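*Asks:* Questions regarding the structure given below will be posed in turn.
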Amino acid sequence: MDAGLALSTVIAAMLGGAIRVTTPFLFVALGEMLTERSGRINLGLEGTLVLGAMTAYAFSYGTGSPWIGVLAAGCFGFLMGTLHATICRLPGVNDIAVGIALMLFGTGIAFFFGKPYIQPTAPRLPSISLGAWTGDPRFEQALQINPLFLIGIALAIFLAWALKNTRMGLVLRVTGDSEAAARALGHPVMLIRLLATAVGGFFAGVGGAFLSLYYPGSWNEGLSSGQGLMAVALVIFARWDPIRCLYAALLFGAAGALGPALQSIGVTQGYYFFNAAPYILTLFLMIGSAGSKKALRDAPGELSLTR
Numbered sequence: 001m002d003a004g005l006a007l008s009t010v011i012a013a014m015l016g017g018a019i020r021v022t023t024p025f026l027f028v029a030l031g032e033m034l035t036e037r038s039g040r041i042n043l044g045l046e047g048t049l050v051l052g053a054m055t056a057y058a059f060s061y062g063t064g065s066p067w068i069g070v071l072a073a074g075c076f077g078f079l080m081g082t083l084h085a086t087i088c089r090l091p092g093v094n095d096i097a098v099g100i101a102l103m104l105f106g107t108g109i110a111f112f113f114g115k116p117y118i119q120p121t122a123p124r125l126p127s128i129s130l131g132a133w134t135g136d137p138r139f140e141q142a143l144q145i146n147p148l149f150l151i152g153i154a155l156a157i158f159l160a161w162a163l164k165n166t167r168m169g170l171v172l173r174v175t176g177d178s179e180a181a182a183r184a185l186g187h188p189v190m191l192i193r194l195l196a197t198a199v200g201g202f203f204a205g206v207g208g209a210f211l212s213l214y215y216p217g218s219w220n221e222g223l224s225s226g227q228g229l230m231a232v233a234l235v236i237f238a239r240w241d242p243i244r245c246l247y248a249a250l251l252f253g254a255a256g257a258l259g260p261a262l263q264s265i266g267v268t269q270g271y272y273f274f275n276a277a278p279y280i281l282t283l284f285l286m287i288g289s290a291g292s293k294k295a296l297r298d299a300p301g302e303l304s305l306t307r
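Going by our numbering, 167 is the number at position 167 of the sequence shown; the sequence numbering is gapless.
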């Protein structure tokens, strides 16, 4: 294959892959960002992601409407977030331990109730074609965009604006930075954290719906491949900023598309290594973030393991 053609093919494949793979990372990262900005950590979003994927597929199959599936996934994610926040309100409870327990609970529930939906085919989410102007079939295919991707971008922009310019955003930031200050100002700290965690769960559930109803577009037990946990690491790398979460999610999405992009031009050697790119990237980002003074400086002041 010509070098120029091969390069453009790889670029088109990585662009399309980034757009497809980014969406669940983005929704989970925005949910975790919102939760952590309130001063709470929720590692259970991996379980919420899997449960959201199963719920969306089941409701889409049962009702014939994928959008009802998306809404149902968000509602179950909201319930999981509420459960996490409610347990974490108890004195001496460890956020991390509760998150791990709910991660196992969510995946276990999804596997148990999702077995009947492994074989049936549910209606999938539609896509919007934005690549006709390129005149290149490869880019036309790459720019088949799901509405949830656009909604995720709009959500990131809205959250960035709301955190800086609205009273609700200010209250959330104060709660996450100093519980004592929030209480002195008369804000209901626990209620704010409960709502932030529940809404974060809603976002993660919607991210799960994308997995089962668009890409890869089926339900099975290994669907998430740890994307929920990687999104938590992504939030630290993004320093709790919604717009940086969007950029970081695109980076993770492009890394996830690297293996299939190289395979599309016949590079098969080291295929499994390239497919592990997102996990390797997560490892390096966590090592880099651990030693970053900027990351530590931007962390919400109330983030801790035990209350």
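C-beta: ideal position from N, C-alpha, C; glycine also.
Nothing here was measured: the structure is a model prediction, and the numbers come from that model.
Buried or exposed for Ala18, please, with buried defined as at least 16 other CB atoms from any protein chain shown within 10 angstroms of its CB.
*Replies:* Translated into positions along the sequence shown, residue 18 becomes position 18. Ala18 is buried by the Cβ-count criterion.
*Asks:* Just to confirm my understanding: we take Leu303, look at its own chain, exclude 5 residues before and 5 after, and list those with CB closer than 7 Å. What are they?
*Replies:* Position 303 of the sequence shown holds residue 303. For Leu303, where only same-chain residues beyond five positions count, the Cβ hits under 7 Å are Glu36, Gly39 and Ile41.
*Asks:* Whose C-beta lies closer than 6 Å to the C-beta of Ser212 among residues of the same chain, with five residues either side of it excluded?
*Replies:* Position 212 of the sequence shown, counted from the first residue, corresponds to residue 212. Contacts found: Ala53, Ala56, Tyr57 and Trp219.
*Asks:* Could you spell out the range, first to last residue, of the alpha helix (DSSP H) harbouring Arg183?
*Replies:* Locating residue 183 in the sequence shown gives position 183, counting from the first residue. From DSSP, the alpha helix (DSSP H) with Arg183 extends over Glu179 to Ala184.
*Asks:* Can you tell me whether Leu104 is buried or exposed, with buried defined as 16 or more other CB within 10 angstroms of its CB?
*Replies:* On the sequence shown, residue 104 is found 104 positions in, with the first residue counted as 1. Its Cβ having fewer than 16 others within 10 Å, Leu104 is exposed.
*Asks:* If you follow the alpha helix (DSSP H) that Ile68 is part of, which residue opens it and which one closes it?
*Replies:* If you number the sequence shown from 1, residue 68 lands on position 68. Per DSSP, Ile68 belongs to the alpha helix (DSSP H) from Pro66 to Cys88.
*Asks:* For Glu46, is the classification buried or exposed, using 16 other Cβ atoms within 10 angstroms of its Cβ as the cut-off for buried?
*Replies:* Within the sequence shown, numbered from 1, the residue matching residue 46 stands at position 46. Label assigned to Glu46: buried.
*Asks:* For Leu195, tell me which candidate among Gly169, Ala276 and Ile265 has the shortest Cα-Cα distance.
*Replies:* Sequence index remark: in the sequence shown, residue 195 carries index 195 (1-based). It is Gly169 whose Cα lies nearest to the Cα of Leu195.
*Asks:* Could you tell me the alpha carbon to alpha carbon distance between Leu305 and Ala6, rounded to whole angstroms?
*Replies:* As a first step, residue 305 is located in the sequence shown; it is residue number 305 there, counting from the start. As a first step, residue 6 is located in the sequence shown; it is residue number 6 there, counting from the start. Bear in mind that the predicted position of Leu305 carries a pLDDT of just 45, short of 50, making it unreliable; the figure below should be weighed with that in mind. Between Leu305 and Ala6, the C-alpha separation is close to 49 Å.
*Asks:* Comparing C-alpha positions only, which one of Trp240, Gly266, Ala261 and Tyr272 sits nearest to Val28?
*Replies:* As a first step, residue 28 is located in the sequence shown; it is residue number 28 there, counting from the start. Residue Trp240 is the option with its Cα nearest to Val28.
*Asks:* Mind checking Val93: buried by the 16 CB within 10 Å criterion, or exposed?
*Replies:* Here the question's residue 93 lines up with position 93 in the sequence shown. So Val93 ends up on the exposed side.
*Asks:* Does the beta-carbon of Glu179 have 16 or more other beta-carbons within 10 angstroms, so that it is buried, or is it exposed?
*Replies:* Here the question's residue 179 lines up with position 179 in the sequence shown. By the 10 Å Cβ count, Glu179 comes out buried.
*Asks:* Let me make sure I understand the geometry here. Which of Tyr247, Gly226, Arg297 and Tyr117 has the alpha-carbon closest to that of Ile280?
*Replies:* As a position in the sequence shown, residue 280 is number 280, starting the count at 1. That would be Gly226, whose Cα lies nearest to the Cα of Ile280.
*Asks:* Under 8 Å by Cβ, that's how I've got Phe78 and Ala160 pegged, so tell me the actual separation to the nearest angstrom.
*Replies:* Within the sequence shown, residue 78 is the residue found at index 78, counting from 1. Within the sequence shown, residue 160 is the residue found at index 160, counting from 1. The Cβ separation is near 22 Å, so there is no contact.
*Asks:* At the level of alpha carbons, what is the spacing between His84 and Val98?
*Replies:* Position 84 of the sequence shown, counted from the start, is the residue given in the question as residue 84. Position 98 of the sequence shown, counted from the start, is the residue given in the question as residue 98. If I take the Cα positions, the gap works out to 7 Å.
*Asks:* Take Leu143 as the anchor and find which of Leu130, Ile87 and Met230 has the nearest alpha-carbon.
*Replies:* Here residue 143 refers to the residue found at position 143 of the sequence shown. The option with the nearest alpha carbon to Leu143 is Leu130.
*Asks:* Going by DSSP, name the residue or residues bridged to Gln144.
*Replies:* Taking the sequence shown and counting its residues from 1, the one referred to as residue 144 is at position 144. Its beta-bridge partners are Ser129.
*Asks:* Compare the Cα-Cα distances from Leu191 to each of Leu125, Thr82, Leu26 and Val21 and report the closest residue.
*Replies:* The sequence position of residue 191 within the sequence shown is 191, counting from 1. Selected option, being the one with the closest Cα: Thr82.
*Asks:* Out of curiosity, what's the CA-to-CA distance linking Pro260 and Asn275?
*Replies:* As a first step, residue 260 must be located in the sequence shown, where it is residue number 260. As a first step, residue 275 must be located in the sequence shown, where it is residue number 275. Linking Pro260 to Asn275 through their CA atoms gives a straight-line distance of about 8 Å.
*Asks:* Rounding to the nearest angstrom, what Cα-Cα distance links Pro91 and Val189 in this structure?
*Replies:* On the sequence shown, residue 91 is found 91 positions in, with the first residue counted as 1. On the sequence shown, residue 189 is found 189 positions in, with the first residue counted as 1. Roughly 14 Å between the two C-alpha positions.
*Asks:* With Val232 and Leu43 assumed to form a contact (beta carbons below 8 Å), what rounded beta-carbon distance in angstroms separates them?
*Replies:* For the purposes of this step, residue 232 is taken as residue 232 along the sequence shown, with counting starting at 1. For the purposes of this step, residue 43 is taken as residue 43 along the sequence shown, with counting starting at 1. Indeed they touch by this definition, with Cβ atoms about 6 Å apart.
*Asks:* Could you give the distance in angstroms between the alpha-carbon of Ala13 and the alpha-carbon of Leu34?
*Replies:* Here the question's residue 13 lines up with position 13 in the sequence shown. Here the question's residue 34 lines up with position 34 in the sequence shown. Their Cα atoms are separated by approximately 32 Å.
*Asks:* Do you know whose CA, among Pro123, Phe252 and Ala248, lies nearest Gly64's CA?
*Replies:* As a position in the sequence shown, residue 64 is number 64, starting the count at 1. When C-alpha distances from Gly64 are compared across Pro123, Phe252 and Ala248, the shortest belongs to Pro123.
*Asks:* Give me the Cα-Cα distance between Ala299 and Ala277, rounded to the nearest whole angstrom.
*Replies:* Residue mapping note: residue 299 aligns to position 299 of the sequence shown, counting from 1. Residue mapping note: residue 277 aligns to position 277 of the sequence shown, counting from 1. Cα to Cα, Ala299 sits roughly 26 Å from Ala277.
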